[in-house]
Every structure is written in structure tokens, then in C-alpha cells.
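Down below is the structure, laid out as C-alpha cells.
There are 4 protein chains.
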Amino acid sequence: MLGGGFIGDFYIHALHGHRRPDRVQVVYSRSESSAKKVAERHGIPHWTTDMMEAVNHPDIDTVVVALPNFLHLEAVRMAAEAGKAVLITKPLGRNAAEAKEMLELVEKHGVFHGYLEDLCYTPKTLKAVESVKNGALGDILWVRAREAHPGPHSDWFWNKELSGGGAIIDLGCHCIEIARNYIGKDVRPVEVMCWADTQVKPIEAEDHAIALVKYASGAIAQFEVSWCFRGGMDLRDEVMGVEGTIFLNHFLRTGFDMYTAVGEEDYVAEKAESATGWLFPVGDEVNSLGYDFMFTDMFNAMDEGKQPMETFYDGYVVNAIMDACYKSSESKKWEPVELEDWRGSDEVSGGPQLIEFDKDHYLIKEEMIPDGTVKLILKDKVTGEIIQKIK
Amino acid sequence: MLGGGFIGDFYIHALHGHRRPDRVQVVYSRSESSAKKVAERHGIPHWTTDMMEAVNHPDIDTVVVALPNFLHLEAVRMAAEAGKAVLITKPLGRNAAEAKEMLELVEKHGVFHGYLEDLCYTPKTLKAVESVKNGALGDILWVRAREAHPGPHSDWFWNKELSGGGAIIDLGCHCIEIARNYIGKDVRPVEVMCWADTQVKPIEAEDHAIALVKYASGAIAQFEVSWCFRGGMDLRDEVMGVEGTIFLNHFLRTGFDMYTAVGEEDYVAEKAESATGWLFPVGDEVNSLGYDFMFTDMFNAMDEGKQPMETFYDGYVVNAIMDACYKSSESKKWEPVELEDWRGSDEVSGGPQLIEFDKDHYLIKEEMIPDGTVKLILKDKVTGEIIQKIK
Amino acid sequence: MLGGGFIGDFYIHALHGHRRPDRVQVVYSRSESSAKKVAERHGIPHWTTDMMEAVNHPDIDTVVVALPNFLHLEAVRMAAEAGKAVLITKPLGRNAAEAKEMLELVEKHGVFHGYLEDLCYTPKTLKAVESVKNGALGDILWVRAREAHPGPHSDWFWNKELSGGGAIIDLGCHCIEIARNYIGKDVRPVEVMCWADTQVKPIEAEDHAIALVKYASGAIAQFEVSWCFRGGMDLRDEVMGVEGTIFLNHFLRTGFDMYTAVGEEDYVAEKAESATGWLFPVGDEVNSLGYDFMFTDMFNAMDEGKQPMETFYDGYVVNAIMDACYKSSESKKWEPVELEDWRGSDEVSGGPQLIEFDKDHYLIKEEMIPDGTVKLILKDKVTGEIIQKIK
Amino acid sequence: MLGGGFIGDFYIHALHGHRRPDRVQVVYSRSESSAKKVAERHGIPHWTTDMMEAVNHPDIDTVVVALPNFLHLEAVRMAAEAGKAVLITKPLGRNAAEAKEMLELVEKHGVFHGYLEDLCYTPKTLKAVESVKNGALGDILWVRAREAHPGPHSDWFWNKELSGGGAIIDLGCHCIEIARNYIGKDVRPVEVMCWADTQVKPIEAEDHAIALVKYASGAIAQFEVSWCFRGGMDLRDEVMGVEGTIFLNHFLRTGFDMYTAVGEEDYVAEKAESATGWLFPVGDEVNSLGYDFMFTDMFNAMDEGKQPMETFYDGYVVNAIMDACYKSSESKKWEPVELEDWRGSDEVSGGPQLIEFDKDHYLIKEEMIPDGTVKLILKDKVTGEIIQKIK
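As C-alpha cells, this is what we get:
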């Protein structure tokens with residue numbers, strides 16, 4: 079386990095929970111006190127402040143990278159060269175070039191690689207994606223993925239050089255990959271339109287951004303990310319298809335409402351901004367945020383010699399889309415997604431399908447009106463004229 | 079009452095409800111059968127298929143225009159020239175030029191004019207806007223207004239020439255004006271980025287569109303409109319401010335859930351796409367969609383010689399923003415909002431406010447962490463370096 | 079208007095809202111300052127501290143009783159003897175005997191009488207009851223009506239002699255009558271089982287109670303009332319029928335969520351217990367609590383010479399059920415509802431209906447199981463044996 | 079694993095999920111085909127139709143009883159006599175006498191025993207109970223636990239002799255134990271009032287029941303159970319304390335809403351009654367229903383030589399409360415809970431606590447009213463008179 083911060087802690091919690099057999103053997107942190115503390119808290123046999131030592135430790139077959147973004151490349155290089163499997167937190171790189179380098183490293187060295195995109199593994203997302211694959215929504219038209227909260231925990235996130243950007247790099251990577259899972263990973267992301275601004279925080283990076291990602295199928299993936307949100311963590315997805323709709327709320331409204339006039343002794347709820355009044359706890363955060371299913375998939379895939387659901391290649395695509403977002407927020411126009419290494423399909427959608435009504439008309443809409451009759455909106459095949467008609 | 083269609087019916091329902099004294103005296107419709115039917119259903123003394131006759135009827139002091147978009151200008155001209163007060167359904171014009179002509183007509187003739195933007199008068203919106211004005215959210219950063227359903231009732235909506243466009247013209251006008259109420263009508267809409275596509279329906283106009291409207295204060299208003307939504311009518315607003323958040327759901331989830339295995343005899347719920355299973359009726363649609371408060375404001379303003387909350391000028395601003403949307407969806411870049419007649423402020427925001435922490439640092443974030451200590455993210459005033467510190 | 083307190087104020091607000099023509103001409107209050115203040119605030123021409131003067135005022139044709147419970151009988155007697163229509167707030171009496179006396183007074187004098195049971199007129203309730211009448215839920219099995227908040231506004235509520243009881247008299251009357259509307263007013267309430275306790279407040283009356291009311295149809299109406307609830311006003315109904323289910327939330331979760339870190343200047347939300355954090359305002363309280371539809375029904379009925387939906391007779395039935403509740407909470411067993419004057423049906427239900435499956439079996443349940451087959455649970459008509467079978 | 083039915087399958091799913099090391103070695107079912115099928119599906123090495131063989135199998139150290147209620151005693155006796163740890167599904171017995179016999183068996187033989195009351199282990203329940211223990215709600219006043227669905231899967235449930243009852247035995251056991259966790263397992267359940275009826279199904283047992291369980295602290299636990307509910311599985315808990323409130327929804331509204339006009343190929347959602355329209359799937363049913371945390375607690379306790387959270391003693395208390403419920407539903411009055419073996423406290427609450435306001439008054443209520451002043455409701459210590467006062 080490389081990293082003794084917030085995310086590393088969450089990972090160890092998930093890895094060691096529910097009697098799982100996979101154990102963290104060594105923890106590395108840049109700070110000695112932090113490394114020691116994490117090792118003690120979780121009963122991890124070894125700790126070190128030397129990354130190379132951690133990676134090459136003989137008890138280690140898998141390296142989990144839970145480090146700040148600017149250390150990803152170095153850590154992946156070490157792990158790949160040591161021939162160890164490597165699982166890495168999001169985003170893969172600070173940009174597509176870095177991501178590509180990491181992808182090439184793991185592939186060159188032939189090591190197992192997993193992209194720890196937990197939000198694609200939330201129980202709701204997994205079931206919703208399955209329903210979409212089963213056809214419950216028909217062709218996907220639009221996905222909205224939103225992540226907004228009052229800002230990250232550690233200093234390096236706020237520094238553009240170290241992290242690679244602001245809210246887009248921190249949160250957009252989740253949203254982009256969630257949408258890819260619904261739209262289909264095989265479908266090419268074509269171009270991007272992005273607004274990004276620094277509205278509240280005295281920083282250089284964006285603290286709020288919205289983007290539209292257009293796919294070759296015609297589907298639009300919209301992401302909304304912010305470090306200025308008030309009220310907790312807003313983590314929602316919406317999916318529209320020709321035949322249906324999905325709304326997911328992962329955090330703030332999950333069927334757990336608590337009002338307390340007095341708060342709790344010795345306890346402050348995570349990410350909640352208040353300790354009294356109406357609060358909305360999540361029952362099992364580790365499971366709800368996807369960590370349980372993510373590590374199950376990673377280690378099962380490793381055992382079975384298969385690829386996990388999320389790989390370095392996915393991380394690379396996400397970085398390429400984010401690069402286009404930053405470019406678009408500067409140029410103020412749609413920017414193409416540059417993917418030198420595209421492994422999916424090159425099919426492009428032909429637009430809406432015409433539904434034949436009779437030999438002269440296409441059907442636009444059929445609706446029952448209050449008096450019980452059925453009203454049709456039809457289009458003349460030749461003239462293009464639109465008429466209404468009672469069935 | 080000019081117009082015997084769906085919206086005219088809704089208006090009469092609201093106008094004649096709850097023992098209100100204001101009565102519709104004449105109904106005009108292009109079709110005789112429709113005019114007759116409406117007059118009978120609502121006990122209206124006169125009907126006609128001659129618009130001029132309706133407008134100039136001696137019992138009439140106020141003309142309510144509930145006609146298709148392409149007839150708005152003609153109707154407004156007649157009413158203004160007859161010196162009658164005129165209330166008009168949304169959108170004001172098919173474009174800003176038409177809207178400006180109508181605005182000039184009512185102002186030249188000095189007649190009372192109201193813009194029947196019902197969704198700015200929903201009880202939730204009125205209360206939420208009041209809270210925003212009372213400072214509950216601090217400065218407004220972002221508004222999302224969404225209206226999506228399976229498509230409009232009448233043929234003319236689907237014809238770009240007659241309506242002026244597609245889902246933007248039909249639904250975007252609502253969303254734009256809702257956002258203006260939160261952000262402040264005095265704040266100038268500066269530029270627009272819009273995606274619009276025809277994803278499902280065999281029509282020329284857009285059946286799905288998303289736009290970002292940037293205001294001089296730095297606030298972003300996002301609208302999402304669609305005629306391809308499945309599951310009823312999705313009518314939601316979200317507002318983010320520096321100090322708070324508002325979520326409104328006007329239609330699909332308002333605290334009324336019904337499951338029926340058998341449906342109801344002789345009745346089909348409006349806009350609902352199914353008659354059995356889980357349904358989500360709205361208690362009082364007329365009130366929830368804003369008609370009650372809208373007509374109360376209009377007639378009270380008229381009686382008191384004041385302007386109503388929504389006037390033709392608002393309709394004109396909305397049309398100007400929609401014009402920019404159509405332009406942007408073609409040019410694929412941000413387009414300026416052209417407002418020849420701007421009556422608001424020209425102030426422009428100076429960006430984020432710096433919060434002084436001590437003589438050397440600005441405060442970025444303060445957060446209590448699980449062990450109860452308070453963590454600060456600070457920025458050095460001189461070097462710009464970002465550090466974290468335990469309080 | 080008799081009464082210058084909280085409820086009288088709410089009534090006047092509703093009566094004078096939305097350009098309604100019916101105006102309050104005289105306001106009576108026991109306190110001069112309060113009478114004056116209400117008259118000024120609402121522009122009411124006359125005020126008095128002499129109830130007789132108010133009732134007999136020549137401009138008055140309708141007396142609205144918004145007084146504490148212990149003054150209801152006196153006010154109704156005056157109004158009835160003066161030959162004026164009388165509308166009275168809930169509960170009708172402090173017990174069934176008082177209620178019966180009032181019912182007899184208005185009937186003897188032949189005056190119009192309405193029972194101002196606002197919660198039976200909420201938009202959601204009206205629509206839900208209509209769906210039930212249309213058969214959407216089949217036969218009604220169970221109704222839960224719940225009203226709970228942190229306690230009433232005025233001193234007299236807390237005094238058992240003046241009010242007639244505690245949370246049951248204050249809130250149970252609403253819940254009982256809501257349930258009657260779903261189950262059918264024609265169906266006889268047979269017996270009652272009630273728990274009532276004083277859990278928190280230093281008073282003699284109950285501050286928390288739960289009761290089951292059994293109807294002749296076999297339906298059970300459950301009410302839950304409390305003055306100890308924390309978090310605002312919990313106002314919910316649930317209805318179960320053989321074919322469906324209804325859940326209504328009238329107040330705390332209606333699609334309006336607001337988070338504010340700072341609160342609002344000069345404003346505190348009604349019944350909300352906190353001014354910051356997550357708050358759940360109601361858009362239009364007057365409409366949502368039923369006042370609009372209630373007064374519309376009352377005055378329309380008066381104009382048309384019909385009975386309103388809720389009359390003194392309904393108030394009497396409710397009081398009789400509450401009497402049985404108090405008796406049961408003492409005796410700790412089911413107590414019959416004593417209705418000397420029953421005007422509904424005397425039909426009693428024969429229990430569950432047998433659904434014939436084939437000549438030897440009744441059908442208990444049919445369910446599709448995950449592998450797609452249909453499983454049946456059947457009962458042998460002769461032996462009564464229960465078996466399962468794959469269709 | 080004794081039992082090859084629905085619940086056994088769910089257990090194996092949970093036990094074998096997420097790389098857990100505890101494996102089912104032998105599966106027993108009364109039917110050969112079912113035993114074989116389960117063994118194959120889950121890769122279990124051995125299967126048998128001989129319960130004794132399964133229990134005494136050398137690879138087995140723990141017996142999991144997932145059998146119909148009427149086989150519990152026999153299975154527990156076998157396991158206890160074989161000296162094996164025993165985990166048993168709910169309810170423990172068909173009545174308290176059976177439960178007590180099983181409790182005595184496991185204690186006499188000194189074997190580890192766990193009561194598989196999964197709904198006390200749902201993530202939401204665990205976190206909510208922790209908040210209650212941390213004082214967030216103050217003293218608990220009332221718990222409502224509700225479980226309702228369209229009826230169980232297997233024939234034996236519907237047969238009173240085999241199961242021990244109807245909806246109370248099937249679902250009430252969950253609700254009772256959930257409430258005990260909030261109120262405190264140390265607090266004695268004193269008496270019970272219960273209504274039970276057969277409203278819809280042609281069976282002898284109750285298909286709908288409601289009960290109030292009174293505890294020595296004065297708290298009331300209310301359960302509502304039904305096999306007649308339409309719309310899926312209604313699984314909700316509500317908790318009221320002096321200082322706060324908790325609402326939990328475990329199944330039908332958890333932040334996952336799906337509308338599908340077409341349904342899914344080859345898939346029908348579990349317990350959902352419809353395949354199209356608005357559906358409300360649960361992301362991870364196994365986790366949400368408590369199986370993950372339940373088995374983790376059971377096996378961790380076993381490894382650490384401790385008692386799990388839920389033991390046979392808890393099962394016995396639940397059965398005793400259900401016995402009182404059946405008695406009360408016959409006698410139509412409150413019935414004492416007979417607990418020959420009570421291991422908790424015998425403390426009884428002294429009723430509401432008086433809050434001193436000044437030397438002459440107790441405080442009943444303090445409330446801010448719309449004009450910003452604070453209104454107090456006070457009680458005279460000597461006369462008991464209740465007055466209101468502006469602070």
C-alpha cells in the first residue's frame with residue numbers, strides 16, 4: 079500500500095473488512111509518523127518511508143497506489159519494473175501523456191493492472207449498468223454524472239502542478255468513466271465542450287466545471303463537478319434512453335434521514351457539514367462507494383487471469399477526455415478528444431430511426447388524451463408536413 | 079381568451095377556480111367546434127372564430143393570448159391597438175426580433191402587459207426565490223433548470239416554422255426565466271454555449287438540448303430540455319450558492335406515491351405514461367404549476383396600477399438568450415447574448431473573494447476531521463503556496 | 079370570524095387570498111389588542127370583544143368559529159339561534175355529547191353547517207380519495223394517518239379541561255376523519271383500541287397516542303399523534319388496498335430541500351425547529367394544508383344549497399371515536415364506538431373473498447420466480463391443505 | 079447448510095461472496111434434486127438428504143439452519159449434541175416454549191449459537207443504532223418497524239401448524255428485534271396489544287397484523303406486518319426520541335429509480351410486482367438486507383470466542399413477545415410478556431422529567447414565533463395552571 083492518507087485508509091478498511099483473505103503487508107508513506115500510524119491502526123506488519131523498499135518487499139505481489147497524482151508515474155514505473163501487479167487510484171495521470179506512459183509501462187512489463195475507479199463499482203451503478211445492457215432503457219441518449227462537495231482534504235489537491243488541475247481532475251474523472259459504462263466503452267468519445275471557472279476559492283485551478291462529452295453514437299455525457307457545494311456530498315447520476323430513465327442518488331438521499339437536536343458525543347459524521355438538524359448518513363459508506371465490489375473484481379480477475387472491469391486503458395481514455403475539457407474551457411469551443419490509441423469501435427450513429435406509421439406517414443408521437451381517445455402526431459413521408467389525427 | 083387548446087383550457091380552469099371574480103367572457107378559436115366546446119365546458123357567454131371580434135368585444139378589458147407561437151405577434155398587435163391589457167403565454171416570440179416588436183407595441187400603446195411564465199410562479203419557486211433574496215444561499219453560483227417529457231400535444235409545436243424551434247423554444251424559455259429569478263433579473267446574461275440535437279423524433283427541430291448561460295456575476299445557468307424523456311414530466315430545479323443549496327422537484331416526486339395493480343376506471347393520469355404500477359400524481363396541478371399565483375399577481379398588479387412580476391420585457395430577454403442558444407448550437411462555440419434594449423445593471427463580478435486567515439495567508443478551507451481536530455487549507459499571500467495545518 | 083389566534087389568522091389568509099370575493103367583516107377576540115391587531119393586519123372593517131355583537135352584526139351571514147375547544151358550544155348556539163351559517167374548526171366538541179348538542183342545534187335551526195377539517199381537503203388527499211373511489215386500490219384494508227410535531231402554540235391546548243384532552247383531541251381528530259374518507263363515510267366504525275401516554279411533557283393530558291379503529295368492512299384505521307416529535311411537522315398518510323397502495327407526505331418531504339449554512343435574515347420558517355442546515359419548506363402552506371379547497375367547497379356548497387364535504391355530523395362521528403379512544407386507553411382493551419345517531423350503512427364484511435383456481439383449489443398466490451417460471455400457492459377446497467405448484 | 083430453499087441460497091450467496099474464506103462444505107435438503115442443484119450452483123463439495131449425515135460430516139464445524147420453522151428444534155438438537163456451532167434463521171421457534179428448549183440445548187452443550195436476524199444487521203440499522211447509543215436521539219420514545227409484501231415464497235409458510243402462525247411469525251420477529259436494538263436489549267418488554275386478521279388470503283393464519291409492545295422504560299415498539307401489501311417489499315423503520323428522529327427505508331426508496339417502457343430481457347426483478355413502469359431496485363440486496371455484516375459478526379465472534387450481537391437468547395425473547403401478541407389478538411386486551419428467563423434489567427421508568435424554568439414554574443415548551451419573539455408555555459409548580467408568556 080503506497081500512501082498513508084485518507085484514500086489509503088479507506089482502501090485498507092475495505093481490503094481487510096468482512097473476513098477477506100487479502101492482507102496489506104507493507105505500508106509506505108512519505109511521512110514516518112503517518113506510515114507508523116496506519117500500520118498500527120490496521121495491524122500491518124511492515125511500514126517504510128522508502129517507496130522502492132515497499133514495492134520490492136518479498137511479501138508483496140500487488141502494489142496499490144494511493145498517492146497524490148504527481149507520484150503516480152514514478153510508483154507505476156517501480157511496480158512494473160519489479161514485475162508486480164499494480165492497482166492505482168483515480169485519476170491515472172495528470173494528463174493523457176502521463177497516463178499513456180503508465181499504460182505502456184504495465185503492458186510492456188506484462189503486469190496485471192487495475193484502475194481503482196470505485197464509483198463505477200457502486201452497487202447501484204453495477205445493477206443499473208446491467209439493466210441498461212439488458213435493454214431496459216433502449217439506446218442511451220444522455221448521462222448526467224454529478225459530484226460536488228465542499229472541497230478535498232489535502233493540500234496537494236489544491237495545487238494545480240501537483241494534481242494536474244482542479245475539480246475536473248479530482249471529480250470529473252469519476253463522472254466521465256461512469257458515463258462510459260452506460261454508453262458503452264466501445265463507443266468513441268468524439269468531442270468535448272467544457273466550462274470551468276474559479277468561483278469561490280482563492281486558487282488557480284477550477285473549483286467548478288461543467289462539460290458535455292459527445293460520443294459517436296450521438297449520446298451526450300454531461301458532468302458537473304464542484305468544490306463549492308454546500309450540504310455534504312452530492313453524488314448523483316441520471317441516465318436517459320429511448321425507452322427509459324434511471325436516477326441514482328448514492329449519498330445524500332439513500333433512505334436514511336436523521337434529525338438530532340443535540341448531535342452525537344465524540345462523533346462527527348463524515349463530509350456532513352453540520353452535526354445537528356436533519357442529517358443524511360449513508361449506512362455502509364465502503365460498500366455504497368463501490369470499494370467492496372471493486373476489490374472483489376480486481377482480485378478475482380487476478381486469480382482467474384482475466385482483466386478487471388476497469389483497467390489502465392480506461393484511465394487513459396478518461397485522461398484524454400479531461401485534456402480536451404481543459405482545452406475547450408480555454409478555447410471556448412468544442413474540442414476533439416485526441417486518442418492516439420483507440421481500441422474500441424469506429425462506428426458512428428446514423429441519427430434517429432424512422433418509425434413507419436402507414437405508407438404515407440412516419441409516427442412522431444402517440445398519446446392518450448383525457449377523454450380516452452388516442453391522438454397521433456404524424457409526418458408526411460414526402461412533404462415532411464406534420465399533422466395530428468385522432469386514432 | 080384567444081385559444082381553445084390545452085393551455086387555454088388550463089388557464090380558464092385556473093381563472094375560474096376557487097371563487098375568483100375574474101371571468102372569461104369570450105373565447106376565440108380558429109376552429110368553430112373547439113370554440114363552442116370550450117365555451118360550453120366553462121360556461122363562457124360568447125365564442126367566436128374571428129380574433130378581431132374577440133379582442134374588440136365590449137365586455138373584454140383583458141386579452142389572454144393562448145395561441146400557437148406564430149400567432150402571437152398578430153394577437154398582441156390587435157390587443158395593443160384596441161387598448162386592452164394583454165397577457166401572453168410563453169414564449170413571447172419565435173425570436174428576439176418578434177419579441178421586441180411586441181414589447182414596443184404594448185409600450186407604445188401604454189397597455190398593461192404580463193408574460194404568463196407560470197413556472198416562475200410555482201409555490202416552491204416563489205418561496206425559494208424569497209429565501210435566496212433573504213440571503214439563505216449567499217451569492218448564486220449555478221442554477222440548473224430541467225424540463226423534459228415525451229413531447230408536446232399539438233402538431234404545430236413539432237413544426238419549426240410555426241413554433242420557432244423545438245424543445246428549446248417550447249421548454250427552454252421556462253428554464254431560462256426560472257434561472258433569471260434566482261440569479262437576479264438585473265444581472266446581464268452575457269454569453270451562451272448550447273448543444274442541440276434531434277436524437278429520436280423524425281423532425282427538423284431539436285428534440286433534446288442543453289445550454290449554459292453565463293451571467294455578468296459569474297453565475298452559470300444550465301438548462302436541460304427534452305422531448306425524449308420517458309416516465310412522465312421531469313420538472314426540477316437546483317440552485318447552488320456560496321452558502322447553500324436548493325433542490326426543487328415540481329412534478330415527479332412531490333410526496334405522492336401510488337401503486338395500483340388495476341388502474342382506475344374512466345381515468346388516465348395526465349402526462350403519466352402508464353396507468354398501472356407505481357405512479358406519482360401531483361395533488362393540485364394548477365397550483366403546483368404556478369397558475370394560481372400567476373393570475374393573482376397579474377390581476378392584482380392590474381388593479382393596483384403596478385407591473386406584474388413577469389412582463390413582456392422578461393419575455394424579450396428570454397427570446398434573446400434562446401437566439402444565442404440556436405446560434406451557438408450551430409457555431410459550436412460560446413455566443414454573446416445580443417440585447418439591444420438592456421434595462422438592468424452593467425456591473426461585472428470581480429471573481430472570488432479572498433478570505434483573510436492571518437497576515438500571511440488566505441483561508442481556502444476549514445474542516446473538522448474524524449479525530450475531532452480542525453484542519454485548515456491555507457494559501458500564502460506572497461508565494462501562492464498552498465499548505466495544510468492543524469488548528 | 080370568531081377567534082384572533084393562529085388558526086383564525088390562517089383562515090383569513092386563505093379566505094382573502096387569490097382575489098376571492100368572500101371577505102371577513104367582523105373579527106371577534108377575547109382580547110381587545112388581539113382583535114384590533116388582526117383587523118388591522120387584514121383590513122377587516124369591524125372588531126369586537128363581544129361575541130354576541132359579532133355574531134349578530136348585520137354584515138354577517140356566516141360565522142366562522144376559530145376559538146378554543148371549550149368555547150365551541152357557546153359560539154355555535156349563538157350562531158344557530160341567530161340563523162347564521164356556521165363553519166367551525168376541528169374538533170367539533172370536547173366529546174361526543176358536546177358535538178351532538180351542536181349538531182342538534184344547527185339542524186334544529188336549519189342553518190348551513192360546515193366542519194373545517196382542512197386535512198381532508200389537502201390537494202393530495204382529494205386526489206388520492208378520488209383514485210380510491212375510482213377503484214385504483216380495490217377494497218381498503220388499512221389506513222395510517224400520522225400527525226406529530228413538537229406541540230401546539232397556545233396555553234389552552236395543554237389544559238385538559240379547556241381542550242378536552244391532549245394530542246388525541248388536537249391531532250387525532252384529523253387522522254380519524256382522513257381515514258374515514260378513504261374507507262368510506264358510510265362504513266360504521268365499530269371498535270377502538272388505543273394507547274395514550276404522557277411521555278415527555280409535564281402535563282396531565284397525553285402527549286403521545288396510537289390507536290386502531292376497526293370498521294365494519296374489516297378495514298383498520300391507525301392513527302399516530304404526538305406532541306413530542308422532533309424535526310418539524312410529520313404529516314403523512316398511508317393507504318393499503320387489496321390492489322394497491324398510496325403514500326402521502328404533506329409536509330416534511332414534498333420535493334423542496336434547502337441547505338443553508340447561514341440562515342435567512344429576519345425570517346424563521348414555520349414549525350421548523352432549526353434555521354440552518356437542511357430544511358424542508360413547503361411551497362404553499364395554505365394550499366398544501368387544504369385551506370383553499372376547504373373554503374371553496376364550503377362557500378360553493380352554501381351558494382348551491384348543498385351540503386359541504388365535511389359537516390357537523392362528521393365532527394360528531396369523530397368525537398365519538400375519540401371518546402372510545404380515551405375509554406380504551408384507560409380500560410386497556412378494545413372499546414365499542416358509541417354512536418346513538420348513526421346515519422350510514424349497517425353492512426358488515428364477510429371476510430376474504432375466495433379466488434377459484436380450479437375445481438379442487440383456491441388460489442393463494444401466484445409469483446414469477448427468478449428462472450422465469452410461475453409458482454402457485456394453492457389451497458385444497460376440501461382438505462384445506464396448502465400446496466405449491468409450478469404453472 | 080441445512081436447507082436448499084430461498085433463504086439457504088441467499089445465505090450461501092453472502093457466505094461465498096467477496097472472497098470470504100468461510101465455505102459451505104455440505105448442503106442438506108429434504109429433496110434430492112434441490113440438494114444437488116444447490117451444491118452444483120455454488121460449487122459445494124457434498125450434498126445429502128440425511129440431516130444427521132450433514133451435521134456430523136467431519137468437514138463441518140458450524141451448522142447453519144435455514145429450514146422451515148417446524149424443523150428448527152430437531153436440527154438444533156442434532157447440532158448441539160454433535161458439539162457443533164449453530165447459526166439459525168429467524169424465528170428461533172414456533173413459540174417461546176420451543177425457543178427456550180433450543181436455548182437450553184445450545185447452552186447445555188456449550189456450543190456457539192447465533193440468531194441470524196439479518197435485519198438487525200442492515201448497514202442503516204447498524205449505523206442508526208450506533209447514533210442512538212451515542213445519544214443523538216436522547217431517550218427513545220417510540221419505534222415503528224414495518225415489513226409488508228405480497229406474501230412468502232413457499233407453501234409451508236402458509237400453514238399455521240408448520241410455521242407457527244402467519245405474518246407475525248414470518249415478519250413480526252424481525253420488527254420486534256429491530257425495536258429491541260433501538261430501545262435497549264436490557265429493557266424489559268412488559269406487555270403487548272395486538273390486532274391480527276385474515277383480510278385477503280384464504281388461510282387460517284393472519285395475513286395482516288399490528289401490535290404495540292410496551293417496554294419498562296415507557297417506550298412503545300409498534301410493528302406492522304402484512305402479506306397483503308402491493309407494490310413490492312415495504313421495509314421501513316422509524317424511531318422517535320426526546321431529542322431526535324430517524325427514518326429508514328431499506329428497500330422501496332433507496333435512491334434508485336428506474337422507468338422502463340420495455341422491461342429487461344430474461345430478467346425479472348425480485349419481489350417487484352411489475353416489470354415495466356417505475357421500478358425501485360436495490361443496488362446490493364445481500365448487503366442492504368444485512369447478510370454481509372451478519373455473517374462477519376457471527377464468524378468473527380466465533381473466532382474471538384465472544385458472543386455475536388444476536389444470540390438464541392434474543393430469539394427466545396422475540397418468541398415470548400410473539401406469544402403475547404397471539405394471546406392479545408384473541409383476548410382483545412393488553413397481555414403481559416411471559417419471560418421465565420429474563421436476563422436484563424428490572425428498572426422501570428419514572429415518567430417524564432420535569433424541566434425547571436424558574437422557582438415557580440416548569441417549562442412545557444419554548445418556541446420562536448414568526449415575529450421573532452420567543453413564546454413560553456409554563457406550568458405553575460403548585461397550582462398546576464398552564465400559562466403562556468413572551469420571553
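Order-wise, the sequence lines are chains A, B, C and D.
So the numbering used here is basically just the index in the first sequence, starting at one, shifted up by 78.
So the numbering used here is basically just the index in the second sequence, starting at one, shifted up by 78.
So the numbering used here is basically just the index in the third sequence, starting at one, shifted up by 78.
So the numbering used here is basically just the index in the fourth sequence, starting at one, shifted up by 78.
All residues carry an ideal CB built from backbone N, CA and C; glycine is no exception.
Report yes if the CB atom of residue i is closer than 8 Å to the CB atom of residue j, and no otherwise.
i, j, result
"B/I298", "B/W220", "yes"
"C/I468", "C/I442", "no"
"B/G309", "A/T323", "yes"
"C/M372", "C/L194", "yes"
Can you tell me whether residue i is buried or exposed? The criterion is at least 16 other CB atoms within 10 Å of its CB, across all chains shown.
i, result
"C/I138", "buried"
"A/L432", "exposed"
"B/P201", "buried"
"C/W420", "exposed"
"B/M311", "buried"
"B/A130", "Checking the displayed sequence, the identity of residue 130 of chain B turns out to be Met instead of Ala. Exposed."
What number of angstroms, rounded off, separates the C-alpha of residue i from the C-alpha of residue j?
i, j, result
"A/V364", "B/W412", "41 Å"
"C/E208", "A/E444", "27 Å"
"D/K115", "B/T203", "58 Å"
"B/E321", "A/S366", "27 Å"
"A/Y394", "C/E225", "55 Å"
"B/I399", "B/V268", "9 Å"
"A/A402", "A/A158", "28 Å"
"C/V346", "D/M446", "Per-residue confidence for C/V346 stands at a pLDDT of 48, beneath the threshold of 50, marking its modelled position as unreliable; the derived number appears in the next sentence. Taking the straight line joining both Cα atoms gives about 8 Å."
Go ahead and pull the three-state DSSP assignment for residue i.
i, result
"C/A223", "strand"
"D/H439", "strand"
"B/E476", "Any answer about residue 476 of chain B is impossible in this case: the structure gives chain B only from 79 up to 469."
"C/W236", "helix"
"A/K114", "helix"
"C/L215", "coil"
Go to residue i, then tell me how far its beta strand (DSSP E) extends in each direction, as first and last residue.
i, result
"D/H191", "191–194"
"C/V164", "163–167"
"A/N327", "322–327"
"C/M271", "267–275"
"D/M318", "312–319"
"B/K200", "First, the amino acid is wrong: residue 200 of chain B is Thr here, not Lys. Where B/T200 is concerned, there is no enclosing beta strand (DSSP E), given that its DSSP letter is neither H nor E."
Under DSSP, the alpha helix (DSSP H) around residue i begins and ends at which residues?
i, result
"C/L290", "Run containing C/L290: none in the alpha helix (DSSP H); it sits in the beta strand (DSSP E), 286–293."
"D/A299", "Segment 298–304 is the beta strand (DSSP E) holding D/A299; no alpha helix (DSSP H) there."
"B/L93", "84–94"
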